[in-house]
Structures are given as structure tokens and as C-alpha cells.
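*Asks:*
2 protein chains.
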Amino acid sequence: MALHSGTAEPILGIRAARCWFPEKTRRPADEVRIGNLTPEQAARQGDVTLHIARSWETESAPAMAVAAGRAALSASGVPADGVGLLAYAWTNYQGNPFFTAGHCVAEGLGLPRSCAPVGIQQACNGAAMAFSLAAGQLRMDEHAHTLIVAADRFGAPAVDHWRSHIMLAYGDGASAAVVGRPEPGDAFHLLAVEHVAAPELWRTRDDYEGFGPQPALAPPYINAMPTEKFSDEGGRPRLRAVSHECITEAVDTALDRARLSPGDPRIARVLAPRLSDKVRELMIGPIEEKYSDRVVCHYSASGHLGAGDFLANIAEAETAGDLAPGDIVLVLGAGGGYSYTCAVLQVPLERAA
Amino acid sequence: MALHSGTAEPILGIRAARCWFPEKTRRPADEVRIGNLTPEQAARQGDVTLHIARSWETESAPAMAVAAGRAALSASGVPADGVGLLAYAWTNYQGNPFFTAGHCVAEGLGLPRSCAPVGIQQACNGAAMAFSLAAGQLRMDEHAHTLIVAADRFGAPAVDHWRSHIMLAYGDGASAAVVGRPEPGDAFHLLAVEHVAAPELWRTRDDYEGFGPQPALAPPYINAMPTEKFSDEGGRPRLRAVSHECITEAVDTALDRARLSPGDPRIARVLAPRLSDKVRELMIGPIEEKYSDRVVCHYSASGHLGAGDFLANIAEAETAGDLAPGDIVLVLGAGGGYSYTCAVLQVPLERAA
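Each protein sequence line maps, in turn, to chains A and B.
Taken in order, the first sequence gives residues 1 to 353; the numbers are from my numbering.
Taken in order, the second sequence gives residues 1001 to 1353; the numbers are from my numbering.
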């Protein structure tokens, strides 16, 4: 029980995290009604509601990123000129190679010239990775704040909301978190964040002409499923086995770094990526099983948010307001390629005061 | 003169940096001969030789990244399993959103699961930004090494080697650096690296439909020039003025952090981005003027390498072998959007021993 007595020093504080979603929503049944999905396609997608962006003016990915970033900054009390790094993650395309989405978001938020806007790319796990990079920046300058933002807008002819994956729906939206030196009033303290990569699994995509000089679009949409070649070579059981190994290692290492035992009763929530039941089992099965009484998954409320799941789950946990000081939250991340993350958050004990 | 007496503690050591270029080369005159450029287009491009990638098997961007990464690791003596972070930067497309180029490079190099492969996107300045992120990771774990890699392969129908910009040619190639805790045998110590951003300049691209759900290709190639709209609104003089302000601020701040005066006689080289004369004047004019006797630019030998200029210049400075212990090298970076960087390197004094 010695492990229960203490936790590691936090590596950063999450001042506040917020989401921003477009108002328009669609469910599979709606799409069947307008002839956009067959009843069979709708049945495979199950019960899920997607937010769907409309106007490019206010609901492009960078515009949604600005809305979420503004909400997080406002809730945090950190002024725009207190931000030293903008770490911006996305999955679906945001313009050609000369369109710098991060700068567009930085201008929308009025961030200063001293703040570097940088895109963090790790498929759907980029925002999780950004927490490690932000922790490093904090060691370089203890007064620095990092604004971590993720935003994705899907839609034909690239990644289609409903058809790019037969059992996973992609929803639009943005999420953001302001992080800095740990303070008593923070929403959460980050005790540890660990990443495990399985580089060999880039081959799930290896007949996508990924090397090519232009994005390999396959009209009318990009297929997000592992390729037939990968599956034919026994890839699916390997993907599952490797994923289970990697997410288990990420959780074990993160808990160890946080000086917590896996059975610590303070672990109040385990936040799962916003993936459908089948894809979640493939990616994080053993962890869901282990913490089945504490797993929270918001997939049915938003679909998979691309690079946004990790941040949106933190924002949701903060704003739900049902956690007590000292409570521990494990946040799980997963992304194609593949990457696996576990972050250990704690509601600051000082909040009790 | 007090400022001449010392320098700041290095924030990281560059063990080794290396480039890898395809064998095939082309000059404007060659392209005129085969009818690919008009004599007028060739004249505007001036004297420049590009390396041109051929086989996708061995000269795709990730394949070139693996070749450069392997060369840098080998020269550094750091084993693959000693790398904790792979920071991979590129400008031109490397596959669809589900193709994770960083993982592909990590597998090619045999990097371990504990090494996170992450894409660092800041148009052509991503690799420069990666030095700051690597310095932060080193503060988290002093034994960590980061492998910073940049690779780009251009070509129609996306960014065209010769036609995407009327006075800037884009060449193929890759470059890599292994960085870690400063050691006496390092090629360079990094004394400071400073970034200045001009987020408002994302508007150089604002009729590119950058917000769109798919990359805004404009066949037969993507235009990299500032848009007519931007120019019509007086954008060009503003771009020049803001660029000159920002690069000056980056250099001043970096020298200050490194505790060097601008006139320090140990400043032996100033490495300019691989841009044509006209574009270089636009981006870094005042610095070139100030250090005109020490500026080195390799544009004519390779063209602009996309995200690779910064690393390739460091590799070139290392392998040229004409610097003495204590010599200072300023490395300048610039990228669309826009971003400006100055790094202050020093050849370790211990090398004299």
C-alpha cells in the first residue's frame, strides 16, 4: 500500500480545457432518410451523433480551433500574450503545403510574435504527444504557457464522416487546453504522460501510395481501414496484439512514473478515445476490461474527433464537475501508424482548501 | 568587450548532422533542352542545380529520410535504441492523413517503441523549431537523444521543382542531426535558438482555399507565390518589412541569450536559408548585409530544400571541417506563414584539447 501514500510531482498544470462543436448534428438514421447512407451502412455505424461543420467562415478547422482556444484561454485566465507555444494538432488535411494552419489559428487568437505556432502530427494522437513537448518547454522557461489545440473538419472528397471507415464515424469539432507551471487552482495536474509507438504498423496503409508526391485521394473518399494487403498478410490479429501490448505498456509506465499502483482506489475515471466499441476493443481492450467500472467513452456523443479525442475528453472531465480533489484520471490516447498514450491527471489536492 | 569573454551554457549538443541527396541532378539549361522550361523561365531561375529523386523504393521522402538519419546516427555513435524522440519535418505532402510518415521513417531506422515519431510542421521552418522541442525533452531526461530529420521530394502535380515559384527552385533531399546532452566531442554546441513568428502573414495564401476539406491543388502545380489578392492589398512591401523586423529580432534575441555581442569576432559563419538572391533579400536582407563577409548560402548547389535547409546547412558546416574550436556559427531559418529562426552554434572549445 506504500504506493498509495504519495504521487509524483506534477510535470505541468492544466489551467483549463474546453471544446467547441458546430451546432448542426446528424445521426445515421438522418443520413438514411436523406439517402446518404444505406440502412446497412447505418446499422454498422450504430448509435452515434456527429457534429457537422457548415460555413467555412466560422466552422473551418482553424476557425473552430480559434473558438476552442479562446474558450480555454478565457477559462484559464491566461492572457494571449502569456502563451509561448501554440501546439496545433489535426488529422484531416488543412490546406496545401504553403497554407500554415497554425499561424492562421495564432492570428485568430491574437498570439504574440514570441509565440511559435507549430503543427504536431501523429495522426489522431498529436495532441497527446503535445503534452510531453509542452512539459519540456516548461523546463526551458517556467513562466511559459503552452496552448494545445486540436481541430478537424471532415467531409468528402477526403475523409468522409461516415464512409471512410465502415465501423467508425468521424465528427467535426475543436478542443484546447492551456498548460503551464502547476498551480493550486488548476483543473488538473499532469503527473505523468507516456507514449509507446509501434512504427511497424505504418504498414496498415502501405498500398496507399503514401510516398507519393500528392495525397493519394481515392475518390469519393479516403479509406481509413487497414488495407486488404495488410489484412491478407495476417495483419489484423497482429494489429490487435501489438496494440494491446503497447497500450498496456503505456499505462503501466505512466502509473509507475506517477508512483501509483494500478489498483489505487483514487483512480476515479479512465477516459477512452472516442472510438466505436469494435475499434476500441482493437486498440485498448485490456485496459477497458481492467477498469471496466470506471471507463468513460463519449464516442456516441460526437463520433471520433480525429486528433481531438484526447483534449476533448480532458475538457469534458473538467467541465462535468463531478471529480473531487485528489481524484486520479487516466487519459488514453491512440492514433494510426500507430501510437499509444496514457496520461495520469490528478485534481489538485489544494482545491479542497 | 565584456560580452566577448564568455558564452552561455549550451542547451544541447549536436553530435553529428548529415545530408543525403539523390544522384540525379538537373539545371535550368537541362530543362530547356528537354522542353520542360522556356528560356525565359530558365533565365529567371538563374544558376542552380537540383537533385531530383527517382525510384520510389529508394528515393521517396521517407526513404531519403532514413538514409540521412542512418548517416547521422552512424557518425554520432548513438545507437538506434538511444533515440527517445524522432522529430520529422517536411513541407510537401507525404501521403494521405492516415499515412504516418514519421512511423515509416522510425521503422526504417529500427527505432524502439519507446521513441515517439512526431511530425513537426511549420512549413519550411519545422526542423529549426524541432531544436527547441529537443532541448525541452533533454530537460525532461538528460540521457535522451532526439533525432531531427527533414526530407522533401517535390514534383508535379503538387509542388513543382521549377514552376511553383518563378524565382525559387525546389530540390529533393534529406538531412538529419542527432542531438543530446552537450559533450566535448560534439560537432557543435547549441548556445541559443530563438524563433519569431508573424502569424498575420498566413494571409499571403488566403485565396488558396486553405480551409478546405482537401488540399487545394491547382493543376498542374501548386503556386507558392504570395497571392494576387495579397499583393494587390500592398502585401509585398509589408511581407518584406515584417520579415526584416522578425529576423532581426530573432538574431538579436539569440545573440543576447548566448551572451554574445553582434560584433563578436568569433562569429565565423552565418548560414543563410537555401533561397534565391531575391527571396533571401526579402526574408533576411538586413542580416545578410550586416554579416556580408561571413554569409554562406548553398542555394545554387541544391535549390531550396523545403523543410531541409536548416539541417542541411548545419551538416554542411560540420563536414566542411574548416571551423576551429570556439568558432561561432549563426544558422538562420525562415518558413512560410511566416516563421523566422536564429540558432547560435559553437564548435566545442574542448575540441582544442
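Glycine included, C-beta positions come from ideal geometry on N, C-alpha and C.
Can you tell me which of B:R1153, B:V1032 and B:C1297 puts its alpha carbon nearest to the alpha carbon of B:E1059?
*Replies:* The option with the nearest alpha carbon to B:E1059 is B:R1153.
*Asks:* Over what stretch of residues does the alpha helix (DSSP H) that includes B:H1244 continue unbroken?
*Replies:* Looking at the DSSP string, the run of the alpha helix (DSSP H) that includes B:H1244 is G1235 to R1257.
*Asks:* Against chain B, with Cβ distances strictly below 8 Å, would A:I222 count as a contact?
*Replies:* Answer yes: the Cβ-Cβ gap between A:I222 and chain B drops below 8 Å somewhere.
*Asks:* Does any residue of chain B bring its CB to less than 8 Å from the CB of A:Q45?
*Replies:* Chain B contact via Cβ: absent.
*Asks:* Where does A:A216 fall in DSSP's three states?
*Replies:* At A:A216 the pLDDT is 49, less than 50, meaning the model places this residue with poor confidence and gives no usable figure here.
*Asks:* With 16 as the cutoff for other CB atoms within 10 Å, does B:G1337 come out buried or exposed?
*Replies:* It counts as buried.
*Asks:* Can you pull the DSSP bridge partners for A:D360?
*Replies:* The structure shown does not extend to residue 360 of chain A, since chain A is modelled only from 1 through 353, so no value can be given for it.
*Asks:* Taking DSSP's pairing of strands, which residues face A:R269 in a bridge?
*Replies:* Partner(s): A:V329.
*Asks:* Does the count of Cβ pairs from the segment 1325 to 1335 of chain B and the segment 112 to 132 of chain A closer than 8 Å reach three?
*Replies:* Cβ pair count under 8 Å is below three, so no.
*Asks:* Per DSSP, A:P262 forms a beta bridge with which residues?
*Replies:* Answer is none; A:P262 lacks a bridge partner.
*Asks:* I'd like the list of long-range same chain contacts for A:C104, defined as Cβ closer than 6 Å, with 5 residues on each side in sequence excluded.
*Replies:* So the list reads P62, once near-sequence residues are dropped.
*Asks:* Would you say A:Y170 lies against chain B (beta-carbon separation less than 8 Å)?
*Replies:* Cβ-Cβ to chain B under 8 Å: no for A:Y170.
*Asks:* Hey, quick one: how far does the alpha helix (DSSP H) through A:E107 stretch, first residue to last?
*Replies:* Segment A101 to L109, the alpha helix (DSSP H) holding A:E107.
*Asks:* Checking contacts by CB at 8 Å: is A:V179 closer than that to chain B?
*Replies:* So no, A:V179 is outside the interface.
*Asks:* Could you check what DSSP says for A:V66 in three-state terms: helix, strand or coil?
*Replies:* Helix.
*Asks:* Look at the Cβ atom of A:S302, then the Cβ atom of A:G173, and state whether they are nearer than 8 Å.
*Replies:* Yes, the pair counts as a contact, with Cβ atoms nearer than the cut-off.
*Asks:* Note down, in chain order, every chain A residue with its Cβ under 9 Å from the Cβ of B:M1129.
*Replies:* The answer, in chain order, is A116 and V118.
*Asks:* Would you mind sorting B:P1143 into buried or exposed? The rule is 16 or more other CB atoms within 10 Å of its CB.
*Replies:* For the record, residue 1143 of chain B in the displayed sequence is His; it is not Pro. Exposed is the call here.
*Asks:* By the 10 Å Cβ neighbour count, where 16 or more other Cβ atoms means buried, how is B:R1033 classified, buried or exposed?
*Replies:* Classification for B:R1033: exposed.
*Asks:* Excluding five sequence neighbours on each side, which residues of the same chain lie with their C-beta closer than 8 Å to the C-beta of A:P213?
*Replies:* Bear in mind that the predicted position of A:P213 carries a pLDDT of just 48, short of 50, making it unreliable; the figure below should be weighed with that in mind. Cβ neighbours of A:P213 beyond the five flanking positions: none.
*Asks:* Buried or exposed: A:T319, going by 16 or more other Cβ atoms within 10 Å of its Cβ?
*Replies:* Result: exposed.
*Asks:* How would you label B:R1054, buried or exposed, when you count the other beta carbons within 10 angstroms and need 16 or more for buried?
*Replies:* Exposed, by the Cβ-count rule.
*Asks:* Please return the same chain residues whose Cβ sits closer than 6 Å to the Cβ of A:P117, not counting the five positions on each side in sequence.
*Replies:* Closer than 6 Å at Cβ, skipping near neighbours: L86, G102, H103 and A106.
*Asks:* Look up B:T1341 in the DSSP assignment and say whether it is helix, strand or coil.
*Replies:* Note: B:T1341 maps to strand in three-state DSSP.
*Asks:* How would you label B:M1064, buried or exposed, when you count the other beta carbons within 10 angstroms and need 16 or more for buried?
*Replies:* Flag for B:M1064 reads buried.
*Asks:* Establish whether the CB of A:N36 and some CB of chain B are separated by less than 8 Å.
*Replies:* Answer no: the Cβ-Cβ gap between A:N36 and chain B never drops below 8 Å.
*Asks:* Mind checking A:C342: buried by the 16 CB within 10 Å criterion, or exposed?
*Replies:* With 16 or more Cβ atoms within 10 Å of its Cβ, A:C342 is classed as buried.
*Asks:* Measuring alpha carbon to alpha carbon, tell me which residue in B:K1290, B:V1078, B:C1019 and B:T1204 is nearest B:G1235.
*Replies:* Answer by Cα proximity: B:T1204.
*Asks:* For B:R1236 and chain A, any beta-carbon pair shorter than 8 Å?
*Replies:* Answer no: the Cβ-Cβ gap between B:R1236 and chain A never drops below 8 Å.
*Asks:* Within the 8 Å Cβ cut-off, does B:E1228 reach chain A?
*Replies:* Chain A contact via Cβ: absent.
*Asks:* Determine, using beta carbons only, whether B:L1133 comes closer than 8 Å to chain A.
*Replies:* Yes - at least one Cβ of chain A is within 8 Å of the one on B:L1133.
*Asks:* Using CA coordinates, which residue listed in B:S1175, B:A1017, B:P1273 and B:L1330 is at the minimum distance from B:D1264?
*Replies:* For B:D1264, the nearest C-alpha among the options comes from B:L1330.
*Asks:* Going by C-alpha to C-alpha distance, which of A:L255, A:V196 and A:G82 sits closest to A:R15?
*Replies:* Among A:L255, A:V196 and A:G82, the Cα nearest to that of A:R15 is on A:G82.
*Asks:* Is B:M1283 buried or exposed, if buried means 16 or more other CB atoms sit within 10 Å of its CB?
*Replies:* The residue in question, B:M1283, is buried, as its Cβ has 16 or more Cβ neighbours within 10 Å.
*Asks:* Please identify, using Cβ separations under 9 Å, the residues of the segment 1089 to 1109 of chain B that lie next to chain A, in order along the chain.
*Replies:* Cβ contacts with chain A: W1090, T1091, N1092, Y1093, Q1094, G1095, N1096, P1097, F1098, F1099, T1100, A1101, G1102, H1103, C1104, V1105, A1106, E1107, G1108 and L1109.
*Asks:* On the CB-based measure, 16 or more other CB atoms within 10 Å of its CB, does A:E289 come out buried or exposed?
*Replies:* Looking at its Cβ environment, which holds fewer than 16 other Cβ atoms inside 10 Å, A:E289 is exposed.
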